[in-house]
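**Q** One structure, as structure tokens, below. Some questions next.
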Amino acid sequence: MYQLYYYPGNANLAPHMLLEELSVPYQLVLIDRDNNAHKGKEYLRLNPTGRIPVLVDGDLVLFETAAICLHLVDRHPEAGLAPALGTAERAHFYKWLMYLTNTLQAELLTYFYPERLASSEAGAADVKQHAEQRVSAMLDLLDRTLAEHGGPYLLGQQYTAVDPYLMMLSRWTRMMMHPARNRTHLGRFLQRMVERPAVMRAFEQEGLSEPLF
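For the sequence shown, counting from 1, position 159 maps to 159 in the UniProt record's numbering; every step adds exactly one.
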């Protein structure tokens with residue numbers, strides 16, 4: 001049985017949605033981030049970076065959200081949550097997963113933690129403002145991509161692991177001036193995502209409330 005170490009709404013949400021989509025046995029293990037449990041010795045033995053999530057699969061202990069998602073789709077190829085190996089579609093799958101984790105997610109972290117890049121409150125506010133502008137441009141690109149191929153999902157007709165990842169990151173923008181949901185095609189995508197039972201089960205289990213995205 002898998003174990004997913006999580007904190008509500010954190011980067012564990014994407015693999016959590018995938019686990020629900022796969023309908024495989026798993027256990028959620030809450031890490032009390034409010035009390036810095038993710039920096040405690042016990043958790044650091046699992047993930048020395050002190051970040052959430054961690055997936056335990058037997059003797060395998062895995063951190064980094066994108067790596068966890070790739071492991072799950074590889075462990076369950078019958079679910080079709082990634083295109084076939086060696087295909088152009090699989091290459092695009094890798095491209096968008098890397099874009100989401102290395103570009104959009106990284107910029108979102110700058111937005112949420114601007115003080116890491118500034119030595120004053122004014123400097124942090126400036127960093128946050130510029131990060132939000134860059135995030136907005138990235139969301140525009142994703143919106144155009146959905147428009148160009150007609151969706152309904154990021155790779156087109158096939159629902160894959162990049163879709164819950166995009167759902168998770170889009171949710172993180174919900175309090176911004178121009179959140180993901182305000183864009184025509186991203187808004188439709190997000191509405192379609194919350195209509196999936198597996199997505200809603202993950203949200204409910206994590207106790208996430210409105211606005212969902």
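Where a beta carbon is used, it is the ideal one built from N, C-alpha and C, also for glycine.
None of these values were measured; they are calculated from a predicted model.
Would you grab the beta carbon distance between ASN102 and PRO53 for me? Rounded to a whole angstrom, and I think it's under 8 Å.
**A** By one-based count along the sequence shown, residue 102 stands at place 102. By one-based count along the sequence shown, residue 53 stands at place 53. Their Cβ separation, rounded to whole angstroms, is 17 Å, which puts ASN102 and PRO53 out of contact at 8 Å.
**Q** Would you give the residue range spanned by the alpha helix (DSSP H) that LEU108 belongs to?
**A** In the sequence shown, residue 108 corresponds to position 108, counting from 1. Segment 105-112, the alpha helix (DSSP H) holding LEU108.
**Q** Tell me which same chain residues have a C-beta within less than 7 Å of the C-beta of LEU169, skipping the five on either side of it?
**A** Position 169 of the sequence shown, counted from the start, is the residue given in the question as residue 169. So the qualifying residues of the chain are LEU100, LEU104, GLN105 and LEU108.
**Q** Under three-state DSSP, which class holds TYR26?
**A** On the sequence shown, position 26 is the one that residue 26 refers to. It is a strand residue.
**Q** Please give the ranges of any alpha helix (DSSP H) in the segment 28-73, keeping only runs that are unbroken, at least 4 residues long and fully inside the region.
**A** Whole alpha helix (DSSP H) segments, 4+ residues: 41-46.
**Q** Please return the same chain residues whose Cβ sits closer than 6 Å to the Cβ of LEU13, not counting the five positions on each side in sequence.
**A** Numbered from its first residue, the sequence shown carries residue 13 at position 13. Result list for LEU13: MET168, in chain order.
**Q** Excluding sequence positions up to five away, which residues of its chain have a Cβ less than 6 Å from the Cβ of MET138?
**A** What you label residue 138 is simply residue 138 of the sequence shown in a count that begins at 1. Once the five neighbours on either side are set aside, the close Cβ partners of MET138 are LEU104.
**Q** Report the residue ranges of all alpha helix (DSSP H) runs contained in full by the segment 113-158; include only those spanning at least 4 residues, in chain order.
**A** Segments of the alpha helix (DSSP H) lying fully in the segment 113-158: 121-149.
**Q** Return the residue from the list MET17, LEU81 and TYR2 that minimises the CA-CA distance to ARG196.
**A** As a first step, residue 196 must be located in the sequence shown, where it is residue number 196. Of the listed residues, the one whose Cα sits closest to ARG196 is MET17.
**Q** Between GLU20 and ALA202, how many whole angstroms is the CB-CB distance? I'm expecting something under 8 Å.
**A** Here residue 20 corresponds to residue number 20 of the sequence shown, with the count starting at 1. Here residue 202 corresponds to residue number 202 of the sequence shown, with the count starting at 1. Indeed they touch by this definition, with Cβ atoms about 5 Å apart.
**Q** Just to confirm, are residue 216 and HIS92 a CB contact at a threshold of 8 Å?
**A** Residue numbering for the chain in the displayed model covers 1 to 213; residue 216 lies beyond these limits and cannot be assessed.
**Q** What do you get for TYR113, buried or exposed, if any count of 16 or more other CB atoms within 10 angstroms of its CB means buried?
**A** Locating residue 113 in the sequence shown gives position 113, where the first residue counts as 1. When all chains shown are included, TYR113 counts as exposed.
**Q** Thinking LEU190 and PRO8 are a contact (beta carbons under 8 Å), I'd like their distance in whole angstroms, please.
**A** Reading the sequence shown from its first residue, position 190 is the one you call residue 190. Reading the sequence shown from its first residue, position 8 is the one you call residue 8. Not really, about 19 Å apart at Cβ, beyond 8 Å.
**Q** Keeping to the same chain, check which residues put their C-beta closer than 8 Å to that of THR184; ignore five residues upstream and five downstream.
**A** As a working note, residue 184 is residue 184 in the sequence shown. ASP143 and ALA147, listed in sequence order.
**Q** Whole angstroms is fine: what's the gap from VAL56's alpha carbon to HIS71's?
**A** Indexing the sequence shown from 1 puts residue 56 at position 56. Indexing the sequence shown from 1 puts residue 71 at position 71. Approximately 11 Å, taken between the alpha carbons.
**Q** Could you say which of GLY187, GLY123, ASN182 and ARG171 lies nearest to GLU210 if we only look at CA atoms?
**A** In the sequence shown, counting from the first residue as 1, residue 210 sits at position 210. Cα-wise, what sits closest to GLU210 is ARG171.
**Q** Does TYR5 come out as helix, strand or coil in the three-state DSSP assignment?
**A** Taking the first residue of the sequence shown as 1, we reach residue 5 at position 5. The answer is strand: DSSP assigns TYR5 an E or B state.
**Q** My output table needs one value for GLY102: the three-state DSSP class, helix, strand or coil.
**A** What you label residue 102 is simply residue 102 of the sequence shown in a count that begins at 1. The question names Gly, yet the displayed sequence has Asn at residue 102. Looking at ASN102 - three-state DSSP - the assignment turns out to be helix.
**Q** What are the boundary residues of the alpha helix (DSSP H) that residue 283 is part of?
**A** This structure gives no information on residue 283, because the portion of the chain shown stretches from 1 to 213.
**Q** Do you know how far the Cα of TYR165 is from the Cα of VAL199?
**A** For the purposes of this step, residue 199 is identified with residue 199 of the sequence shown, where counting begins at 1. For the purposes of this step, residue 165 is identified with residue 165 of the sequence shown, where counting begins at 1. Distance between the alpha carbons of VAL199 and TYR165: 11 Å.
**Q** Going by beta carbon distance, what residues of the same chain come within less than 8 Å of TYR43, once the five residues before and after it are set aside?
**A** Your numbering for residue 43 matches position 43 in the sequence shown. TYR5, ILE31, ALA37, GLY50 and VAL54, listed in sequence order.
**Q** Name the two residues that bound the continuous alpha helix (DSSP H) containing GLY187.
**A** The residue labelled residue 187 in the question sits at position 187 within the sequence shown. Element bounds for GLY187: 184-194.
**Q** If you compare alpha carbons, which of PRO152, TYR159, VAL24 and GLU204 is closest to LEU81?
**A** The residue given as residue 81 occupies position 81 in the sequence shown. It is TYR159.
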